[in-house]
Each structure stands twice: as C-alpha cells, then as structure tokens.
Amino acid sequence: MADVVFKNVHKKFGDFIAVEGLDLSIEEGEFVSLLGPSGCGKTTTLRMLAGLEFPSSGEISIGDRVVNDLPPGKRDIAMVFQSYALYPHMSVEKNIAYPLKKRGVPRSEQGPMIARVAEMLQLTPLLSRKPRQLSGGQQQRVALGRALVRDPKVFLLDEPLSNLDAKLRGIMRAELVELHQRLGRTMVYVTHDQLEAMTMSDRIAVMYDKKLQQFAPPQEVYREPANRFVAGFIGMPSMNLIDGDLSQEGDRWMFRSGSISVPVGPLVADARGGEACLGVRPENLLLGEGPTPAVVQLVERTGHENIVVVEIEGGLRMTGRVPASTDWKTGETIQMSIQSEAAHVFAAGPTGRRL
Ligand code: ATP
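Using UniProt numbering, read the sequence shown as starting at 1 and increasing by one per residue.
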C-alpha cells in the first residue's frame with residue numbers, strides 16, 4: 001500500500017521553479033532515498049513532505065490523508081536533520097524526552113519510552129551526559145532517538161550522516177539499515193552521496209534539474225539507468241559517455257564516434273538513427289586487448305584495483321578499471337576495446353533517454 005504519495009507536485013519560490021511535476025509513490029515500510037546533485041530539489045521535496053514548505057500545486061498524501069494544508073505537528077512524521085540540533089544545556093535523556101514533553105505525554109509514561117529508545121540505540125549509559133560530552137556518532141544517535149521516541153508513521157532524514165567522518169558514516173549506515181528493518185517504518189532519506197543511497201535504499205528516487213529522473217531499486221538504477229543523466233551520476237568512477245552517431249546497418253545498429261565503432265542493441269522499438277550517446281561502465285572497457293590503440297594518461301591505485309584513464313585517437317578519454325596486478329605506466333600505448341554487449345545507448349542531450 002502506498003504510504004507517501006506526491007501527485008503532480010510543483011514548487012515555486014517566486015518565479016523560480018524548484019520542483020517540477022513530481023509523481024512519486026512510496027510503499028509502507030519502504031526505505032527511499034532522494035538522491036541528486038546540489039540544487040536538484042531533493043531537500044525542497046522532503047520539506048514539503050514535512051510541512052515546512054507548501055506545494056505551489058499538486059497533492060501530497062501520507063497514509064490515506066491529503067496533508068497539503070496540515071502543519072508539521074499534525075502529520076505523524078519525525079525529521080532528523082544534518083545538524084543534529086540537540087539542546088546543548090539538556091542531558092541526553094532530556095533531549096530525547098523533549099518531543100514527549102511538548103506533546104504533553106505524562107512524565108510517568110515518558111520513562112519507559114525513553115528507556116526503550118535508549119536501549120535500541122545503545123545510549124543507556126550516556127543518558128545523563130550533555131551533548132558536548134558525546135562523539136559525533138553518539139550525537140547523531142541522540143538526534144535519531146528524539147525522532148524515534150514518538151514512534152511516528154514516517155521518518156524523514158535530511159543528510160543525517162554528512163557531519164560524520166568516513167568510518168563513522170559506514171557504521172551509522174549499517175545501524176540505520178538495521179534500525180529500519182527492526183522498526184519497519186517508512187523512511188525517506190535525502191542524500192547526495194550515492195554510496196549511502198545504493199547501500200541503504202529499497203528504491204532510489206534520482207532527481208536532477210527539478211525533476212524526478214528515475215525511481216527504482218539500486219541495482220536497476222545501476223544496470224538500467226533510465227537516461228544519460230542517471231547513467232553518469234550513478235557509479236564510481238563514472239560511466240564513460242561518448243557522443244557519436246547511431247545508424248542501422250542491415251538488421252543491427254552500429255554506434256560510431258571517431259575511431260570507435262561498436263555494434264549495439266537490441267534497442268527500444270522507436271529508436272531512430274542520428275546523434276546519440278554510448279555509455280560504457282569502466283568495468284566494461286577492456287584494457288590490454290582489442291583493436292584500438294590507447295595511450296595511458298593516468299593510473300590510480302586503490303589497493304585492490306587500478307583505475308586507468310586512456311586517450312584514443314581524436315582525443316577521446318575513457319576510464320577503465322583493471323586488476324591491481326597490471327603495471328602500465330603513463331605515456332604507454334596499450335590496446336583496448338569496448339565490451340559491446342554491456343554498452344548502453346542514450347538519445348542525444350543531457351537527459352537523453354535510454355534507447
Ligand atoms: P542541496 O543538496 O544543495 O541541499 P537540494 O537538491 O536539496 O540541494 P533544494 O534545497 O531543494 O536543493 O533547492 C532547490 C532549488 O530551490 C535551489 O536552486 C535553491 O536555491 C532553491 N530554493 C530552495 N529554497 C528556496 C527558498 N526558500 N527561496 C528561494 N529559492 C529556494
């Protein structure tokens with residue numbers, strides 16, 4: 001059952017459009033990430049769901065209620081922000097208790113509710129400390145605890161891990177996933193970090209330029225990006241995107257760009273020839289074999305593999321990933337080819353659709 005629904009939602013700030021024609025239907029209990037580059041409209045989307053901004057047109061519902069005109073306090077949601085926004089003068093216990101106090105929950109009932117959340121988040125030994133006596137990760141857990149204590153229907157999280165160092169982020173990612181599994185609540189998570197979105201989400205809503213570009217499980221977004229933007233945005237290192245021409249030769253399609261010529265397909269039924277873009281993941285660029293000579297420009301050693309940038313005739317640069325055992329040097333000429341059966345084809349333009 002859909003739990004959170006955006007129906008043709010637009011948001012304008014004066015003349016500026018921040019979100020355009022958003023249709024999104026999130027299932028009950030789902031973990032959904034809103035992922036996209038800075039300024040794409042993801043925070044505005046979350047804030048509209050929270051009731052901190054109101055849509056200019058369209059409809060937002062939570063459960064079976066249209067919430068367009070409901071203030072945040074009436075939406076049965078809890079929000080966790082990037083800045084933990086803890087009260088510095090209050091103990092951990094008082095911080096967690098705050099939403100209960102605000103809602104007039106009797107003191108006698110607060111104790112067990114706080115104890116349950118503290119236990120769940122391993123905060124029990126820290127309840128009497130002040131926020132400044134806690135590490136970043138512990139502070140983040142207190143912020144989560146404050147959201148959890150009311151047991152809301154939907155959790156909204158706005159880049160909650162972005163103030164943590166890389167190692168702690170990894171730990172908190174796993175903790176959040178576990179928490180989500182245990183609570184079974186709907187969670188909507190805003191991030192520009194694709195690793196977070198890929199590892200935590202049931203589905204990812206990729207946004208760009210005010211619009212939803214694709215809404216699908218992580219593996220699908222990776223394997224079948226809906227358009228050129230998603231293809232280039234998801235994956236590290238990025239997919240190689242090569243502009244060129246598509247033409248039909250007999251019963252197959254050929255993609256050509258300079259000295260590259262790759263058979264592609266099958267393509268969608270209404271594919272047409274002309275300008276197009278070929279997408280090749282670094283793991284599908286075969287380096288060290290094939291018909292095309294390429295000059296090594298850069299070798300990055302990550303430990304378990306090498307990321308290699310090569311340039312072919314005409315100045316086109318491409319990135320490949322190879323085993324750490326390869327030891328090509330900058331300036332060396334090697335052979336390469338493109339694994340054509342793994343290549344993607346997109347229509348021309350920044351958000352050209354998958355063909
Ligand atoms: P970031 O990752 O940088 O937070 P975002 O994808 O969350 O980016 P939003 O915060 O949703 O982006 O903003 C989308 C666009 O709307 C931006 O261009 C932003 O400048 C604009 N915007 C957001 N809030 C307002 C506001 N209150 N008034 C005017 N413009 C705004």
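Backbone N, C-alpha and C fix where the C-beta goes; we use that ideal spot for every residue, glycine too.
Within the same chain, and ignoring the five residues on either side of residue 343 in sequence, the residues whose Cβ sits closer than 8 Å to its Cβ are 255, 262, 264, 278, 279, 280, 284. Residue state for residue 169 is assigned as helix, using DSSP reduced to three classes. Residue nearest to residue 130 within the set 143, 89, 141, 61 is 89 (criterion: CA-CA distance). In terms of side-chain proximity, the C-beta atom of residue 10 is found no nearer than 7 Å to any non-hydrogen atom of ligand 1.
Contact residues of ligand 1 (beta-carbon closer than 6 Å to any heavy atom; chain order) are 13, 16, 18, 36, 38, 39, 40, 41, 42, 43, 44, 192. A Cβ-Cβ contact shorter than 8 Å links residue 96 with residue 146. The three-state secondary structure of residue 73, taken from DSSP, is helix. Going by DSSP, residue 155 is part of the beta strand (DSSP E) stretching over 154 to 158. Residue 284: not part of any alpha helix (DSSP H); DSSP gives it neither H nor E. Contact between the region 219 to 229 and the region 333 to 351 is established, with three or more Cβ pairs separated by less than 8 Å.
Per the Cβ contact rule, the region 286 to 299 is not in contact with the region 232 to 250 (fewer than 3 Cβ pairs under 8 Å). Taking all protein chains in view, the Cβ of residue 230 is crowded by 16 or more other Cβ atoms within 10 Å, so the residue is classified as buried. The straight-line gap separating the alpha-carbon atoms of residue 91 and residue 176 is approximately 23 Å.
The C-alpha of residue 351 is placed about 16 Å away from the C-alpha of residue 271. The shortest C-alpha to C-alpha distance from residue 296 to any of 185, 243, 313 is the one to 313. Taking C-beta atoms as the reference points, residue 186 and residue 33 fail to come closer than 8 Å. In the structure shown, residue 98 falls within a helical segment according to DSSP collapsed to helix, strand and coil.
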